[in-house]
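Number of protein chains: 2
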Amino acid sequence: MVIKALSLLDAFTVENPSWGLRDLSREVGLSHTVVHRLLKSFVESGYIFQNPETKKYELGIKFIELSNVVEEKLQIYDWINPILEKVGSETGESVVLTILDNNEGAFVKIVESGKSIKFGESVGRRSPLYVGASHKVILAHLPQEVQDTIIDQGLEKQSEYIGSRESFSEKLQHIKNKGWFYTAGETYNDVAAISIPLFDRKEYVLGSLSVAGPAFRLTEEHAIKMLPILKESQREINKIFSKVIFPSRRDHLIN
Amino acid sequence: MVIKALSLLDAFTVENPSWGLRDLSREVGLSHTVVHRLLKSFVESGYIFQNPETKKYELGIKFIELSNVVEEKLQIYDWINPILEKVGSETGESVVLTILDNNEGAFVKIVESGKSIKFGESVGRRSPLYVGASHKVILAHLPQEVQDTIIDQGLEKQSEYIGSRESFSEKLQHIKNKGWFYTAGETYNDVAAISIPLFDRKEYVLGSLSVAGPAFRLTEEHAIKMLPILKESQREINKIFSKVIFPSRRDHLIN
DNA sequence: AGCGGTGGTTCGATTATCGAACCAAAAATG
DNA sequence: CATTTTTGGTTCGATAATCGAACCACCGCT
Chain G
1 MVIKALSLLD
11 AFTVENPSWG
21 LRDLSREVGL
31 SHTVVHRLLK
41 SFVESGYIFQ
51 NPETKKYELG
61 IKFIELSNVV
71 EEKLQIYDWI
81 NPILEKVGSE
91 TGESVVLTIL
101 DNNEGAFVKI
111 VESGKSIKFG
121 ESVGRRSPLY
131 VGASHKVILA
141 HLPQEVQDTI
151 IDQGLEKQSE
161 YIGSRESFSE
171 KLQHIKNKGW
181 FYTAGETYND
191 VAAISIPLFD
201 RKEYVLGSLS
211 VAGPAFRLTE
221 EHAIKMLPIL
231 KESQREINKI
241 FSKVIFPSRR
251 DHLIN
Chain L
256 MVIKALSLLD
266 AFTVENPSWG
276 LRDLSREVGL
286 SHTVVHRLLK
296 SFVESGYIFQ
306 NPETKKYELG
316 IKFIELSNVV
326 EEKLQIYDWI
336 NPILEKVGSE
346 TGESVVLTIL
356 DNNEGAFVKI
366 VESGKSIKFG
376 ESVGRRSPLY
386 VGASHKVILA
396 HLPQEVQDTI
406 IDQGLEKQSE
416 YIGSRESFSE
426 KLQHIKNKGW
436 FYTAGETYND
446 VAAISIPLFD
456 RKEYVLGSLS
466 VAGPAFRLTE
476 EHAIKMLPIL
486 KESQREINKI
496 FSKVIFPSRR
506 DHLIN
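Residue numbers (the working numbering), protein chains in the order written: chain G, 1 to 255; chain L, 256 to 510.
Set out below in structure tokens:
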């Protein structure tokens with residue numbers, strides 16, 4: 001079963017990039033013999049590497065190669081990066097491209113600010129749509145029913161992020177009307193961000209563009225000054241995404 | 256069989272990033288029903304994306320996420336990139352980091368030159384060790400038996416790259432003695448490159464560092480002037496790779 | 001209408017997967 | 001420092017998923 005095999009890969013994260021056989025089998029809830037056989041296949045194909053000294057397993061360089069295939073296809077290097085970098089140099093803060101994928105938001109590209117205190121997140125981090133400005137601005141532009149089911153999920157798992165259903169729904173409505181969203185110290189105490197949604201050719205939300213930085217530097221007053229450059233970049237990126245179809249799962253969120 | 260499933264992914268390259276079901280099944284030599292089921296699992300897990308309009312399959316954004324896990328673990332961003340960028344700015348040409356993986360060399364990082372005519376290759380491209388300067392300089396530092404088997408493979412498949420076994424072996428010996436290698440117009444007519452090998456803590460070859468550019472600009476005379484900066488960077492990268500173990504398959508080439 | 005192509009599905013024979021029980025060796029444990 | 005626990009890894013028969021011929025419906029082209 002391929003899905004079982006692929007679920008192994010999800011265990012390898014920036015925080016936890018290296019796994020022992022038994023630990024991994026416990027993490028994914030499969031017997032260690034199964035995990036061992038799967039890992040052996042992954043190793044043979046070059047997708048997972050076993051450190052010969054520690055015997056621990058980690059992701060192999062094949063992922064660097066394949067990610068480049070995706071990024072070339074998306075023309076990230078040619079078209080999107082320059083825009084993010086422009087925003088970065090004009091604002092002096094970190095710029096984050098978030099993409100909607102299967103009920104979650106994922107950071108797909110981060111342009112770090114040159115300053116010593118920067119946005120500490122890294123590419124590949126996923127979280128539910130109800131946490132963080134960059135994610136909420138996406139959620140706000142999804143259909144009402146999808147918002148409701150995602151709020152339900154949030155109330156079950158991490159109700160501290162939501163509060164009451166009514167206030168959260170109103171907040172989303174408010175975000176949608178404004179077309180952008182600023183938060184300070186919501187997810188992480190010292191982090192502030194301003195986010196603006198991105199759309200595809202059919203005007204469906206696809207992700208968001210954010211400027212993030214330390215809360216003491218990126219005040220709301222300061223962030224609002226960034227709106228013109230954000231809106232300009234939003235238009236440019238929307239134009240790109242009206243031609244290039246982004247390979248993320250969001251069919252079920254739209255129809 | 257997971258290996259069969261993973262062999263699908265190898266079909267997705269920069270040149271060929273998008274596949275129809277039937278085309279792909281012919282490419283990998285599996286019945287289309289099998290490929291269909293495998294693709295369905297990949298899609299479900301987010302590793303492959305099906306373009307809803309063309310129905311064609313392509314790699315999903317999960318690969319961008321996982322490649323970031325690898326690169327963070329390797330501290331590519333913190334330590335290796337700055338070195339490559341320094342070489343790039345000092346030489347004004349493209350800089351390429353090639354890694355030895357399973358009888359092949361793979362481009363893992365490329366820093367493009369600012370000039371309009373640049374090195375046209377992209378990350379993820381793999382080729383046998385007997386083609387190109389960056390690969391030959393690796394081959395030259397592998398054990399004699401490994402060299403012989405790889406030369407055998409080359410003579411069978413693409414003897415035009417080798418010529419006679421004796422002259423090729425001598426060339427490799429020569430490269431090893433010099434510790435670097437320059438070529439112009441060998442693999443591609445207009446491309447020249449100078450390469451220097453990289454080693455891990457046990458002094459085994461791990462990859463190579465190259466400066467590449469158009470042959471008319473990157474003459475041998477010009478390339479030799481880059482040797483000091485290349486050797487300095489070689490030392491720095493070796494130092495990094497003596498601490499961080501690179502996740503590439505080369506055990507069988509060394510013992 | 002007919003042809004050859006596409007993506008996708010069904011179902012019984014086949015074949016790989018699963019996991020308890022098993023090593024040897026390396027860490028903890030007292 | 002002998003004992004217990006835990007590690008990565010293997011074996012093999014019962015079991016459950018994979019395989020693929022034959023099958024749709026659909027599309028584009030003569």
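Yeah, the Cβ is synthetic: ideal placement off N, Cα and C, and Gly gets one too.
8 Å contact criterion, which residue i and residue j should meet: CB distance rounded
i	j	result
VAL28 (chain G)	VAL35 (chain G)	7 Å
LEU59 (chain G)	PHE12 (chain G)	5 Å
SER300 (chain L)	ILE245 (chain G)	Not a contact, Cβ separation roughly 19 Å.
TYR443 (chain L)	ALA388 (chain L)	With a Cβ gap of about 11 Å, TYR443 (chain L) and ALA388 (chain L) do not count as contacting.
SER503 (chain L)	ILE331 (chain L)	Contact flag wrong, Cβ pair sits at about 13 Å.
SER195 (chain G)	VAL108 (chain G)	Not confirmed; about 14 Å, so no contact.
ILE64 (chain G)	VAL325 (chain L)	6 Å
Length of the line joining the Cα atoms of residue i and residue j
i	j	result
PHE49 (chain G)	LEU8 (chain G)	13 Å
ASP101 (chain G)	PHE241 (chain G)	15 Å
GLU170 (chain G)	TYR130 (chain G)	13 Å
ALA212 (chain G)	SER94 (chain G)	5 Å
LYS115 (chain G)	THR91 (chain G)	11 Å
TYR293 (chain L)	ILE365 (chain L)	Note that residue 293 (chain L) is Leu in the sequence shown here, rather than Tyr. For LEU293 (chain L) and ILE365 (chain L), the distance between alpha carbons rounds to 32 Å.
LYS457 (chain L)	ALA5 (chain G)	34 Å
ASN432 (chain L)	PRO197 (chain G)	58 Å
VAL103 (chain G)	GLU160 (chain G)	Inspection of the sequence shows that residue 103 (chain G) is occupied by Asn rather than by Val. Roughly 19 Å separates the two Cα atoms.
LYS239 (chain G)	GLU232 (chain G)	11 Å
VAL401 (chain L)	SER382 (chain L)	16 Å
GLY375 (chain L)	MET1 (chain G)	39 Å
TYR47 (chain G)	SER41 (chain G)	9 Å
GLU441 (chain L)	HIS396 (chain L)	20 Å
ASP78 (chain G)	GLU72 (chain G)	8 Å
HIS222 (chain G)	LEU394 (chain L)	56 Å
ILE479 (chain L)	GLY360 (chain L)	23 Å
PRO483 (chain L)	TRP435 (chain L)	11 Å
VAL257 (chain G)	LEU230 (chain G)	Chain G is shown only over 1 to 255; residue 257 (chain G) falls outside these bounds and no answer can be derived.
ASN81 (chain G)	GLU112 (chain G)	12 Å
LEU339 (chain L)	GLU491 (chain L)	11 Å
ILE417 (chain L)	LEU410 (chain L)	7 Å
GLU270 (chain L)	LEU24 (chain G)	35 Å
LEU218 (chain G)	SER89 (chain G)	15 Å
GLN158 (chain G)	LEU66 (chain G)	34 Å
HIS252 (chain G)	ILE150 (chain G)	13 Å
GLN153 (chain G)	SER164 (chain G)	13 Å
GLU220 (chain G)	ARG26 (chain G)	45 Å
Residue i classed as buried or exposed, judged by whether at least 16 other C-beta atoms fall within 10 angstroms
i	result
ARG481 (chain L)	Sequence inspection shows Met at residue 481 (chain L); the Arg mentioned does not correspond to that position. Its Cβ being crowded by 16 or more others within 10 Å, MET481 (chain L) is buried.
GLY20 (chain G)	exposed
ASP455 (chain L)	buried
GLY124 (chain G)	buried
ASN68 (chain G)	buried
HIS174 (chain G)	exposed
PRO272 (chain L)	buried
SER208 (chain G)	buried
PHE55 (chain G)	What sits at residue 55 (chain G) in the sequence shown is Lys, not Phe. When all chains shown are included, LYS55 (chain G) counts as exposed.
SER422 (chain L)	exposed
PRO52 (chain G)	exposed
PRO469 (chain L)	buried
ILE117 (chain G)	exposed
GLN144 (chain G)	exposed
SER210 (chain G)	buried
LYS256 (chain G)	One cannot answer for residue 256 (chain G) here, as it falls past the ends of chain G, which runs 1 to 255.
Chain G contact residues for residue i, given Cβ-Cβ distances below 7 Å
i	result
PRO307 (chain L)	ASP251
GLY343 (chain L)	The premise fails here: GLY343 (chain L) is roughly 15 Å from chain G at the closest Cβ pair, so nothing lies under 7 Å.
VAL363 (chain L)	ILE61, ILE64
Within chain L, the residues that residue i reaches when beta carbons sit closer than 8 Å
i	result
PRO228 (chain G)	Within chain L, no residue comes near PRO228 (chain G); the closest Cβ sits about 29 Å away, beyond 8 Å.
PHE42 (chain G)	VAL257, LEU261
ILE224 (chain G)	The premise fails here: ILE224 (chain G) is roughly 31 Å from chain L at the closest Cβ pair, so nothing lies under 8 Å.
Contacts that residue i makes with chain G (C-beta to C-beta distance below 9 Å)
i	result
SER503 (chain L)	GLY46, PHE49, GLY60, ILE61
GLU327 (chain L)	VAL14, PRO17, SER122, VAL123, GLY124
Contacts that residue i makes with chain L (C-beta to C-beta distance below 7 Å)
i	result
LEU277 (chain G)	Shown here, chain G extends from 1 to 255; a query on residue 277 (chain G) therefore has no answer.
ASP101 (chain G)	GLY301, ILE316
LEU209 (chain G)	By Cβ distance, chain L contributes nothing, its closest Cβ being about 16 Å from LEU209 (chain G), past 7 Å.
Proximal chain G residues relative to residue i, where beta-carbon distance stays under 8 Å
i	result
LEU293 (chain L)	VAL2
VAL324 (chain L)	PHE12, THR13, VAL14, PRO17, LEU59, PHE63, GLY124
Under 9 Å by beta carbon: chain L residues contacting residue i
i	result
ILE196 (chain G)	By Cβ distance, chain L contributes nothing, its closest Cβ being about 20 Å from ILE196 (chain G), past 9 Å.
Beta strand (DSSP E) runs contained entirely in the stretch 334-378 of chain L, provided each spans 3 or more residues: 349-356, 359-366
Segments of 4+ residues assigned as alpha helix (DSSP H) that fall wholly inside the stretch 145-207 of chain G: 165-178
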